[in-house]
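The block underneath contains the structure these notes are about, expressed in structure tokens.
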Amino acid sequence: MESRRNSTTVVGFSLLPSELIHCIILRLALPDIFHLKSVNKFITSMIADQDFTRDYNLRSSSSTWLFVYKKRWHRDPVVIHGFTQSSERWFKVMIGDILKPFIPPGEDLYFLTASGNFFLFALNCSREVISVNPMTKVVKRIPQSPLGPRGTSSWRRSGIKLLAGPSGSGQFRFLFVEIVDNNPTLFEYDSRTNKWKSTIAKESIVNPSHVNKKDENRIFLSASNEPRRSVVVCVGYDSNEPTVVRPIFSGILEDGELAVGFSWGSVTNRLHIYGDGWMLIVRSGSDGTNDSRRGIRVLKGVELWGLSPNGRQWAFVSKVPNGLIDEIKKPYGVMMGCLEEREGTIRAILMSNFEGIWDIIWLSFDFEKSKWAWVPLPEFKMEGSNMAGVTFSSGLTIS
């Protein structure tokens, strides 16, 4: 009965004007489109049209997805969970069967980042990096960088960037920065040549163009972050000469020790999260109860800081309104996060764990409107699972 009802619904959908169907499908997430494609030949022919593919890929490449990798055991199949604001549910990106021939038994995978149709993983045991394209089902082993084999703990989220090539090209670039012999150094892998190149970043002369945050063609990667000082490498998308800026943080550090990227509640009240040349300061405190359990914290405030015009300072930008903090705050024992900027919007994820249960908060800041927003997420069952990677990415495209 249910199968017959679904079939009738699809037939009725097909009777709509083709222009309306085109507009409806254009707004769907790619997994939903593939589901429709599997049950209706008319929709299959529409999706195969080059004009539709071009329009959809253009729209999808400007959308934002949140991807999360959770796991319980090493032997569990690899599944990436994805969410986009155009939908109301989580999608599963099934890549376990694609990866199986390349992953030895017992290997420990960590999800590094994603861009377009490419997902990047670090293998902790073999200390390799692999890329996966779930649309073309292509897995690529990335050769060792000039720094040699690297375990999962060597990769810093704010110091890496994956850049997918034009849709359908099957190409990508992977960039990361490290301080080598006291020199901030940019390492870049290009899938077209299957080779790495490294460049020592030059100290930046005071030039606003080097740190122009309105320039969408510049990439900012964190080489190191300390309580008062950071080292940031700036490079153009066309891989022009990288430069170094060393912003100083002059804000108040009165609330105890600092954690970068990952915080145990019992250790610190302040967490700094870096990404794309921005810094998010997450301030927490006691939950205010007489609970004797240690390590319980509650979110108290979130601040956004950015590079000053000359790159010498971290400059305050905005603070999440107290009313919004009251809506999203929950007790936690552990917190981690990621941060990205794209097309004039800052997006941040705060992932916290309280007594084995994970919670995900998606915050965004619109520069033009100078406005914060909270993106509510559907229920995401993670109890008893380990967090093995989270990232923002542009949308999947039709290959």
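Note that numbering that gives the first Met the number 0 has the sequence shown beginning at 0, numbered continuously upward. No residue lacks a Cβ here, since even glycine has one placed at the ideal position from N, Cα and C.
DSSP-derived helix/strand/coil call for residue i
i, result
"glycine 314", "The residue asked about is misnamed: residue 314 is alanine in this sequence, not glycine. In the structure shown, alanine 314 sits in a strand (DSSP, three-state: E or B)."
"aspartate 96", "helix"
"lysine 139", "strand"
"isoleucine 272", "strand"
"cysteine 233", "strand"
"glutamate 326", "helix"
"serine 59", "helix"
"isoleucine 199", "strand"
"valine 243", "strand"
"serine 265", "At serine 265 the pLDDT is 48, less than 50, meaning the model places this residue with poor confidence; the figure from the coordinates comes in the next sentence. In this structure, serine 265 counts as coil in the three-state DSSP scheme."
"glutamate 225", "coil"
"lysine 36", "helix"
"proline 165", "coil"
"serine 6", "For serine 6, the pLDDT reaches just 48, beneath the cut-off of 50, and the residue's location in the model is therefore unreliable, although a value from the coordinates is still provided. DSSP places serine 6 in helix when its eight states are reduced to three."
"leucine 303", "strand"
"alanine 47", "helix"
"isoleucine 102", "coil"
"serine 17", "helix"
"arginine 346", "strand"
"threonine 112", "strand"
"phenylalanine 219", "strand"
"isoleucine 23", "helix"
"arginine 341", "strand"
"serine 86", "coil"
"isoleucine 397", "coil"
Counted within 10 angstroms of its Cβ, other Cβ atoms place residue i as buried (16 or more) or exposed
i, result
"valine 92", "buried"
"valine 347", "According to the sequence as given, residue 347 is alanine; it is not valine. Looking at its Cβ environment, which holds 16 or more other Cβ atoms inside 10 Å, alanine 347 is buried."
"valine 128", "buried"
"asparagine 224", "buried"
"leucine 174", "buried"
"threonine 135", "exposed"
"histidine 34", "exposed"
"valine 230", "buried"
"asparagine 289", "At asparagine 289 the pLDDT is 48, less than 50, meaning the model places this residue with poor confidence; the figure from the coordinates comes in the next sentence. The residue in question, asparagine 289, is exposed, as its Cβ has fewer than 16 Cβ neighbours within 10 Å."
"lysine 194", "exposed"
"isoleucine 199", "exposed"
"glutamate 340", "buried"
"arginine 269", "buried"
"glutamate 18", "exposed"
"leucine 15", "exposed"
"serine 392", "buried"
"leucine 257", "Residue confidence is low: leucine 257 scores 46 on pLDDT, short of 50, so the model does not pin down where it sits. Its coordinate-derived value is still stated next. Flag for leucine 257 reads buried."
Expected contact under 8 Å - CB spacing of residue i and residue j to nearest Å
i, j, result
"phenylalanine 171", "serine 190", "5 Å"
"leucine 98", "valine 67", "17 Å between Cβ atoms; not a contact."
"isoleucine 247", "tryptophan 313", "7 Å"
"glycine 115", "serine 60", "7 Å"
"serine 130", "glutamate 106", "Wrong, their Cβ atoms sit about 16 Å apart, outside the cutoff."
"aspartate 180", "phenylalanine 219", "Contact flag wrong, Cβ pair sits at about 22 Å."
Distance CB(residue i)-CB(residue j) smaller than 8 Å
i, j, result
"valine 243", "valine 234", "no"
"serine 144", "phenylalanine 117", "no"
"phenylalanine 406", "tryptophan 89", "Lying before the first or after the last residue shown, residue 406 is absent from the chain, which here runs from 0 to 398."
"valine 301", "leucine 362", "yes"
"isoleucine 159", "leucine 111", "yes"
"isoleucine 79", "isoleucine 94", "yes"
"tyrosine 403", "serine 221", "Nothing about residue 403 can be reported from this structure: the residues present for the chain run from 0 to 398 only."
"leucine 338", "leucine 298", "no"
"isoleucine 397", "threonine 52", "yes"
"isoleucine 46", "lysine 36", "yes"
"threonine 390", "alanine 113", "yes"
"valine 333", "asparagine 352", "yes"
"serine 376", "phenylalanine 82", "A small correction: the amino acid at residue 376 is leucine; serine does not occupy that position in the sequence shown. In this structure, phenylalanine 82 lies closer than 8 Å to leucine 376 by Cβ."
"tryptophan 357", "methionine 335", "no"
"arginine 228", "arginine 245", "yes"
"alanine 343", "glutamate 367", "The question names alanine, yet the displayed sequence has glycine at residue 343. Result yes, Cβ atoms of glycine 343 and glutamate 367 sit closer than 8 Å."
"valine 176", "proline 183", "yes"
Per DSSP, cross-strand counterpart(s) of residue i
i, result
"lysine 91", "His80"
"valine 401", "Any answer about residue 401 is impossible in this case: the structure gives the chain only from 0 up to 398."
"arginine 296", "Ser285, Tyr331"
"serine 351", "Met334, Asp358"
"alanine 372", "Ser363"
"asparagine 182", "Val179"
"alanine 28", "Answer by DSSP bridge pairing: none, since alanine 28 is not bridged."
"arginine 172", "Leu162, Asp189"
"methionine 278", "Tyr273, Trp304"
"isoleucine 129", "Phe120, Arg140"
"lysine 194", "Asp189"
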